[in-house]
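Step one of this worksheet: look at the structure below.
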Amino acid sequence: MLRRQQNRAPFVAATFILFHLLVFGEIKTINALPLNTSSSIEEEELQLSWDISTDNVAAYSVIPMLDLESLMEGPSATESNPSRRKRSLKVERVFKAVSSSDIRSLPYYAAVRISNLCSGTLISDSHVLTAAHCVHDGRNYNVKLSKLRVGLPRGVGKFSWKKVSQIHISKAWKKSKGSRRNKASLDADYAVLKLKHSHGQKYFKPQASKDRLKSTIRFNGYPRNKVGALWHSSCPVEKVVHYERLFLSRCSVSKGSSGSGVYESLGLGEYGVTGVVSAIVTVRNGKYAYSYTITNKLTAAKVRRICRWAGRNNC
Numbered sequence: 001m002l003r004r005q006q007n008r009a010p011f012v013a014a015t016f017i018l019f020h021l022l023v024f025g026e027i028k029t030i031n032a033l034p035l036n037t038s039s040s041i042e043e044e045e046l047q048l049s050w051d052i053s054t055d056n057v058a059a060y061s062v063i064p065m066l067d068l069e070s071l072m073e074g075p076s077a078t079e080s081n082p083s084r085r086k087r088s089l090k091v092e093r094v095f096k097a098v099s100s101s102d103i104r105s106l107p108y109y110a111a112v113r114i115s116n117l118c119s120g121t122l123i124s125d126s127h128v129l130t131a132a133h134c135v136h137d138g139r140n141y142n143v144k145l146s147k148l149r150v151g152l153p154r155g156v157g158k159f160s161w162k163k164v165s166q167i168h169i170s171k172a173w174k175k176s177k178g179s180r181r182n183k184a185s186l187d188a189d190y191a192v193l194k195l196k197h198s199h200g201q202k203y204f205k206p207q208a209s210k211d212r213l214k215s216t217i218r219f220n221g222y223p224r225n226k227v228g229a230l231w232h233s234s235c236p237v238e239k240v241v242h243y244e245r246l247f248l249s250r251c252s253v254s255k256g257s258s259g260s261g262v263y264e265s266l267g268l269g270e271y272g273v274t275g276v277v278s279a280i281v282t283v284r285n286g287k288y289a290y291s292y293t294i295t296n297k298l299t300a301a302k303v304r305r306i307c308r309w310a311g312r313n314n315c
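Here this note's numbering is used: the first residue of the sequence shown is 1, the next is one more, and so on.
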């Protein structure tokens, strides 16, 4: 009976967390108790403390789909003990720093930084693809256009900053403010920035994604806790939601990687961008930390819109 109560605790926590988010719009650490509590010391020790945070409020609509119970028992937790963490990994995930010798070649050279807030991907000689929430909160712009900058990589932690002359965001995202944000909002979470001047670098071509469940996604971004360094991430898609337009995976990332472009090789040294990292969800329970990545899949319709924003009928 005690074990059954313990197993149900994560679901109680997840339900209460979602209710709290919908009503108050924020989240703090919450203690989840078994349904049938008692004053015994043994049962008090079973209390679980879950802390959930994300860089995109719209991601909270997807949180109920996360299997918190499997997280507790699965291999995705990161611990303070590195050797134990390595032994626990069973799925193939990569999270590595890009060296100074590789950063000036594709596929890494197309990854850019958005005003120290997010990441992005070059898609033409003067356009950048990123996440809409990086520049607009659904009501207002996060950064004034005159102050918005795109950092082109020139080495580890070194950038050439370019001014932005125009921002393209879909009407669906601009209608997603506050409590209206949901899975459909994540589906509209992409934007194109036009640079004032051409950058002269190679770039990715927007492509409709063919990824599906268990496909491996790859992207390069600038996590805020890595001091301007570019990091490569790859991991399998573990869940597909919202009409197969959103991917959930357990890539090892942190805030700052949102806006990164999911890419694939097109052969002959060319690459296509097939998705945008829309949210980083971090779940903490005591010494354990779990990271989920929500990726916005590029469909044929999205690619056509992105190409129009970039001033071309066909990318």
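Glycine is no exception: its CB is placed at the ideal position from the N, C-alpha and C atoms.
How should S101 be labelled, buried or exposed, when 16 other C-beta atoms within 10 angstroms of its C-beta is the threshold for buried? Counting from one through the sequence shown, the residue named residue 101 turns up at place 101. With fewer than 16 other Cβ atoms within 10 Å, it is exposed.
DSSP on S146, reduced to helix/strand/coil? To locate residue 146, count along the sequence shown from 1; it is residue 146. Helix at S146.
S124 classed as buried or exposed, judged by whether at least 16 other C-beta atoms fall within 10 angstroms: For the purposes of this step, residue 124 is taken as residue 124 along the sequence shown, with counting starting at 1. Buried: at least 16 other Cβ atoms inside 10 Å.
Rounded C-beta distance between S209 and G275? I'm assuming under 8 Å. For the purposes of this step, residue 209 is identified with residue 209 of the sequence shown, where counting begins at 1. For the purposes of this step, residue 275 is identified with residue 275 of the sequence shown, where counting begins at 1. Sure, about 5 Å apart at Cβ, within 8 Å.
Where does C251 fall in DSSP's three states? Mapped onto the sequence shown, residue 251 falls at position 251. Three-state result, C251: coil.
Output the boundary residues of the beta strand (DSSP E) element that contains C118. To locate residue 118, count along the sequence shown from 1; it is residue 118. Its beta strand (DSSP E) spans residues C118 to L122.
Going by beta carbon distance, what residues of the same chain come within less than 6 Å of H232, once the five residues before and after it are set aside? Taking the first residue of the sequence shown as 1, we reach residue 232 at position 232. The residues are K96, V98 and N220.
Specify whether the region 196-212 and the region 302-313 touch according to this definition: at least 3 beta carbon pairs, one from each stretch, less than 8 Å apart. yes
Sequence-distant residues of its chain with Cβ nearer than 8 Å to N313 (five each side left out): Counting from one through the sequence shown, the residue named residue 313 turns up at place 313. These residues qualify, in order along the chain: C307.
May I have a chain-ordered list of the beta strand (DSSP E) segments no shorter than 3 residues that lie completely inside the region 211-296? 216-221, 231-241, 246-249, 261-267 and 270-285
Let me make sure I understand the geometry here. Which of A289, Y288, L298 and P236 has the alpha-carbon closest to that of E244? On the sequence shown, position 244 is the one that residue 244 refers to. When only C-alpha atoms are compared, the closest one is L298.
So, at 7 Å on beta carbons, what are the nonlocal neighbours of E45 in its own chain, with the 5 sequence-adjacent residues on each side left out? Counted from its first residue, the sequence shown places residue 45 at position 45. Residue placement at E45 is poorly supported in this model, since its pLDDT is 38, which falls under 50; the coordinates still yield a value, given next. For E45, where only same-chain residues beyond five positions count, there are no Cβ hits under 7 Å.
Can you tell which of K239, V112 and K255 has the C-alpha that lies nearest to the C-alpha of S249? Within the sequence shown, the letter at position 249 stands for residue 249. With distances taken between Cα atoms, S249 lies closest to K239.
Using only alpha-carbon positions, find the residue among F247, H199 and A229 that is nearest to K214. Locating residue 214 in the sequence shown gives position 214, where the first residue counts as 1. Nearest of F247, H199 and A229 to K214, Cα basis: F247.
Provide the residue span of the alpha helix (DSSP H) that contains R304, from first to last. Taking the sequence shown and counting its residues from 1, one reaches residue 304 at position 304. Element bounds for R304: A300 to W309.
Tell me whether H197 is buried or exposed, calling it buried when 16 or more other Cβ atoms sit within 10 Å of its Cβ. As a working note, residue 197 is residue 197 in the sequence shown. Counting Cβ neighbours within 10 Å, H197 comes out exposed, since fewer than 16 surround it.
Specify the secondary structure class of Y60 as computed by DSSP and reduced to three states. Within the sequence shown, residue 60 is the residue found at index 60, counting from 1. Three-state result, Y60: helix.
Bridge partners of G155, per DSSP? In the sequence shown, counting from the first residue as 1, residue 155 sits at position 155. BP columns for G155 point to K158.
Quick check: is the beta carbon of V62 nearer than 8 Å to any beta carbon in chain C? Among the chains in the structure shown there is no chain C, since it carries only a single protein chain.
Which same chain residues end up closer than 7 Å to K226 when comparing Cβ atoms and leaving out the 5 residues on each side of it in sequence? Taking the first residue of the sequence shown as position 1, residue 226 is located at position 226. Excluding positions up to five away in sequence, the list is empty.
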